[in-house]
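Beneath this line is the structure, given in structure tokens, with notes to follow.
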Amino acid sequence: MLDIGKDNQPLVSVRDLKMHFPIYAGLLRRRVGEVKAVDGVSFDVMEGETLGLVGESGCGKSTCGRAVLRLYDITAGSITIDDREIGDTPQGQLREMRPTMQMVFQDPQASLNPRMTVEAIIKEPLDEHTSLTDAEKREKVGELMDAVGLNRKFAKRYPHAFSGGQRQRIGIARALALNPKFIVCDEPIAALDVSIQAQVVNLLEDLQEQFGLTYLFISHDLSMVRHIATRVAVMYLGKIVELAPREALYAEPLHPYTQALLSAVPEPDPSLEDKVERIILQGDVPSPSNPPQGCNFCTRCPAVMDICKVEEPDYREVRPGRYTACHLYNDNNDTAG
Amino acid sequence: MPDGALPVLDVRDLKTVFKTRAGEVHAVNDVSFALKPGELLGVVGESGSGKSVTMMSLLGLLPSPPADVRGGTVTFGGNDLLKVDAETLRAVRGGKIGFVFQDPMTSLNPVFNVGVQIMEPLRKHMGLNKRDAAKRAQELLELVGIPDAQRRLKDYPHQFSGGMRQRVMIAIALACDPQVLIADEPTTALDVTIQAQILELMKELRSKLGMAVIWITHDLGVIAGIADRVMVMYGGQVVEHAPVKELFRNPQHPYTRALLKTIPTIHGERDARLTIIEGQPPIMMDAPSACPFRDRCDVAFDRCERENPPRYDLGHGHDAACFFDARTGGPRNA
């Protein structure tokens with residue numbers, strides 16, 4: 001696969017990942033359907049890169065991130081992390097893989113146990129996965145707190161004593177405890193104030209450099225993803241509609257959904273307001289339990305054609321390093337690299 | 001400050017304090033602004049900057065205790081809203097001043113269909129009978145772009161999507177032809193493509209109905225696209241206030257400048273590194289005797305520790321509460 005990642009080596013390979021949640025209804029709780037939260041996504045995350053995963057709420061980006069770490073038992077597909085296939089590994093055996101792959105959650109309030117001290121929170125992965133002595137663990141916790149910019153003196157305090165940004169730092173320290181290679185950041189800055197967001201993003205970038213981390217950065221904030229990501233994948237209704245290197249995607253989005261999404265981002269510059277042509281999408285996202293026939297985006301697409309309502313477009317490389325699933329690019333088939 | 005037309009809403013030196021066990025929190029400190037007919041005033045600030053509390057104070061929407069509106073005047077329609085009796089205030093709220101809240105799910109009543117909720121202000125404030133109210137409710141839903149309005153009146157809030165619910169909220173706020181619409185983070189809970197729809201709707205409604213709007217948000221991008229004037233709040237105070245283009249082109253307060261630098265954009269140059277504002281927003285536990293931004297400010301000097309800067313008039317409807325003059329690069333003389 002063509003890419004501009006540092007080593008050109010995929011650390012994580014996801015192929016045709018599906019995560020369907022059953023819907024039970026009626027007196028007998030019979031299975032009446034399923035929510036196709038993630039419906040066949042494929043992507044690679046290169047070693048050392050940050051892959052941004054963007055989309056609107058309900059598009060399946062968080063489910064996708066959790067499924068990649070096997071926090072769910074996936075419906076179908078294969079996931080290779082660090083040369084090991086974990087798509088069908090039983091949860092018990094996954095435990096020994098956990099140190100390689102970690103997660104930073106969206107809500108630092110909900111993902112930290114309020115009855116544990118900061119030290120206990122960061123130490124917990126060490127208790128579970130290492131045989132360090134108590135003194136060694138304490139030292140390691142201290143190092144981690146330094147690394148994420150928390151004062152070591154606060155180790156005995158509880159999460160409620162910290163601000164939102166500091167709590168997110170605790171969550172990041174916990175994710176780093178076992179020297180992971182791959183971290184899924186699930187909307188790590190969505191709950192923070194604007195002036196605090198930049199602090200956390202800069203920290204994530206520093207840590208990536210320092211520890212050689214690979215990130216899957218899930219976010220709905222397109223401008224922040226432009227800042228942090230090496231490549232960007234755009235999801236809509238359970239599928240990746242476009243994946244491209246950052247500059248190419250923002251300069252020239254190919255998929256009509258990406259175009260609309262980017263044009264909808266409000267820019268903090270009133271003089272741009274008159275110039276930027278906004279594409280206002282009509283209607284709402286269809287339900288993932290009952291996606292439309294053909295292309296998932298055909299109900300709202302400004303460039304919809306007849307074929308879109310019948311046949312689902314293939315997700316393929318239409319230009320070197322640029323993947324999209326759209327019938328508009330069918331003709332480019334022969335010229336694509 | 002105001003030039004030409006008389007303001008529809010004139011707020012002077014509004015002061016609100018919350019009494020807590022740990023002491024008094026000074027949430028709003030001497031906030032003043034005037035809203036001219038038909039204009040859209042954007043209010044920007046981070047959480048805890050006092051932007052929502054300001055708006056709720058002036059309509060008497062805060063429970064007391066713990067809230068205590070300590071002082072100031074709010075002139076609307078010849079009355080001081082802080083002094084009028086409950087009955088008069090109730091007639092203003094939802095009548096001449098409409099309110100749209102952030103979260104459309106929690107601000108709509110889940111056990112009544114939306115028709116009933118849109119008709120409530122129409123019947124209470126305008127004294128319409130049931131039939132006329134139903135007719136007007138349908139018109140309102142059509143006005144805010146909800147298709148199949150007649151049938152949707154009988155639907156309950158959970159049957160609407162987030163963007164549609166916010167349209168219903170706007171319809172309720174507009175029901176009695178308000179002179180002023182206060183919208184508190186109306187698009188924050190929505191996705192960007194839906195937010196774009198609501199912003200578009202708002203522009204359309206303003207040109208059709210001509211009411212004045214106060215739009216509270218933390219998103220400078222939204223403000224840039226919709227506001228006529230902007231008021232930046234920090235630590236319960238107005239730190240800068242200017243016409244929108246002037247504010248973005250020529251920000252004078254260090255907080256505004258830092259805020260504009262810290263947000264990444266999708267157009268233009270991409271910075272290798274984000275500029276950050278060190279530290280945390282303040283918790284206003286003491287009556288302000290110094291500049292609330294001093295600890296995070298990169299141009300603060302000794303005077304900022306001793307005095308709280310007043311809002312200096314910089315001409316062209318622009319003012320900033322800072323002792324440092326960004327134009328000369330030195331302290332202000334006054």
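From first to last, the protein sequence lines are chains A and B.
Numbering follows our numbering, with no gaps: position 135 of the first sequence is 135.
Numbering follows our numbering, with no gaps: position 138 of the second sequence is 138.
Positions of the beta carbon are idealized from the N, C-alpha and C atoms, including for glycine.
Legend entry - Proximity to Ala258(B) [Cα-Cα], best of Ile277(B), Glu269(B), Ala272(B): Of the listed residues, the one whose Cα sits closest to Ala258(B) is Ile277(B).
Legend entry - Interface partners of Asp155(B) on chain A, CB under 9 Å: The premise fails here: Asp155(B) is roughly 14 Å from chain A at the closest Cβ pair, so nothing lies under 9 Å.
Legend entry - N-terminal and C-terminal residue of the alpha helix (DSSP H) that Phe33(B) is part of: Run containing Phe33(B): none in the alpha helix (DSSP H); it sits in the beta strand (DSSP E), 23 to 35.
Inset, instruction - Under 6 Å Cβ to Cβ from Thr258(A), same chain only, skipping five residues before and after it: list those, please. - result: Val234, Glu242
Inset, instruction - Please report how far the alpha carbon of Val244(B) lies from the alpha carbon of Asn151(A), in whole angstroms. - result: For Val244(B) and Asn151(A), the distance between alpha carbons rounds to 40 Å.
Inset, instruction - Check whether the Cβ atoms of Val201(A) and His227(A) sit closer than 9 Å, and answer yes or no. - result: Yes. Within cutoff.
Legend entry - Ile118(B) at chain A interface by Cβ criterion, 9 Å: no
Legend entry - For Arg330(B), three-class secondary structure by DSSP: For the sequence presented, residue 330(B) should be read as Gly rather than Arg. The answer is strand: DSSP assigns Gly330(B) an E or B state.
Legend entry - Chain-ordered residues of the region 253 to 273 of chain B with a beta carbon less than 7 Å from chain A: Leu259, Leu260, Thr262, Ile263, Pro264, Thr265, Ile266, His267, Arg270, Arg273
Legend entry - Nearest neighbour of Pro288(A), chosen from Lys239(A), Arg70(A), Gln166(A) [CA to CA]: Lys239(A)
Inset, instruction - Taking only beta carbons into account, state which residues of the region 213 to 224 of chain A come closer than 9 Å to chain B, listed in chain order. - result: Those residues of the region 213 to 224 of chain A placed with their C-beta closer than 9 Å to a C-beta in chain B are His220, Asp221, Leu222, Ser223, Met224, ordered along the chain.
Legend entry - Inter-stretch contact (C-beta, 8 Å, three-pair minimum) for the region 204 to 211 of chain B and the region 177 to 188 of chain B: They touch, by the three-pair rule.
Legend entry - Status (buried if at least 16 other CB within 10 Å, exposed otherwise) for Ala321(B): buried
Inset, instruction - May I ask you to verify whether the region 153 to 165 of chain B touches the region 111 to 123 of chain B, counting CB pairs closer than 8 Å and requiring at least 3? - result: yes
Inset, instruction - Counting only the same chain and skipping the five closest in sequence on each side, list residues whose C-beta sits under 6 Å from that of Ala155(A). - result: Val118, Glu119
Inset, instruction - Measure the C-alpha to C-alpha separation of Gly50(B) and Met231(B) and round it to an integer number of angstroms. - result: 12 Å
Legend entry - Reduced DSSP secondary structure (H/G/I, E/B, other) of Arg296(B): helix
Legend entry - Best match in Gly235(B), Asp228(B), Thr265(B), Ile263(B) for proximity to Leu247(B) [C-alpha to C-alpha]: Asp228(B)
Legend entry - Beta-carbon proximity list for Gln9(A), same chain, < 6 Å, skipping 5 on both sides: Glu47
Legend entry - Residue burial classification, Thr133(A) (beta-carbon count within 10 angstroms, cutoff 16): exposed
Inset, instruction - Kindly indicate if chain B contains any beta-carbon less than 9 Å away from that of Pro245(A). - result: Not a single CB atom of chain B sits nearer than 9 Å to the CB of Pro245(A).
Inset, instruction - Return the residue from the list Gly163(B), Tyr234(B), Ala173(B) that minimises the CA-CA distance to Glu200(B). - result: Gly163(B)
Legend entry - the region 190 to 215 of chain A: positions lying closer than 7 Å to chain B by Cβ: So the close ones are Asp193, Val194, Ser195, Ala198, Gln199, Val201, Asn202.
Legend entry - Coarse secondary structure for Leu2(A), derived from DSSP in three states: Confidence at Leu2(A) is low in this model, with a pLDDT of 43, below 50, so the placement of that residue is unreliable and no value is reported for it.
Legend entry - Within-9 Å CB hit, Leu205(B) to chain A: no
Legend entry - Interface flag, Gly225(B) vs chain A, CB-CB below 9 Å: yes
Legend entry - For Ala149(B), the three-state DSSP class (helix, strand or coil): helix
Legend entry - Endpoints, alpha helix (DSSP H) assigned at Glu247(A): 246 to 251
Inset, instruction - Please report the residue range of the beta strand (DSSP E) in which Val244(B) lies. - result: Taken as a continuous stretch (DSSP letters only), Val244(B) belongs to no beta strand (DSSP E), being part of the alpha helix (DSSP H) at 244 to 249.
Legend entry - Cutoff 9 Å: Arg249(B) Cβ touching any chain A Cβ: Proximity of Arg249(B) to chain A, defined by a Cβ-Cβ separation below 9 Å, is satisfied.
Inset, instruction - For Thr335(A), collect the residues of the same chain with a Cβ closer than 6 Å to its Cβ; drop the 5 residues on either side in sequence, then sort them by chain order. - result: Low local confidence applies: a pLDDT of 43 at Thr335(A) is under 50, so the model's placement there is unreliable, with the coordinate-based value given in what follows. If we look at Thr335(A) and ignore the five residues flanking it on each side, it has no Cβ neighbours.
Inset, instruction - Over the uninterrupted beta strand (DSSP E) stretch that includes Ile216(B), give me the two end residues. - result: Here the beta strand (DSSP E) through Ile216(B) covers 212 to 217.
Inset, instruction - Under 8 Å Cβ to Cβ from Leu30(B), same chain only, skipping five residues before and after it: list those, please. - result: The sequence shown places Asp at residue 30(B), not Leu. Contacts found: Asp13, Leu14, Lys15, Gly72, Gln237.
Legend entry - Exposure label - Pro313(A); buried when at least 16 CB within 10 Å: buried
Inset, instruction - Count the CB pairs spanning the region 48 to 63 of chain A and the region 74 to 90 of chain A that are closer than 8 Å, and state whether there are at least three. - result: no
Inset, instruction - Mind reading off the beta-carbon distance from Ala354(A) to Gly164(A)? Whole number of angstroms is fine, and I expect it under 8 Å. - result: Because residue 354(A) is not part of the residues shown, which for chain A are 1 to 337, the question remains open.
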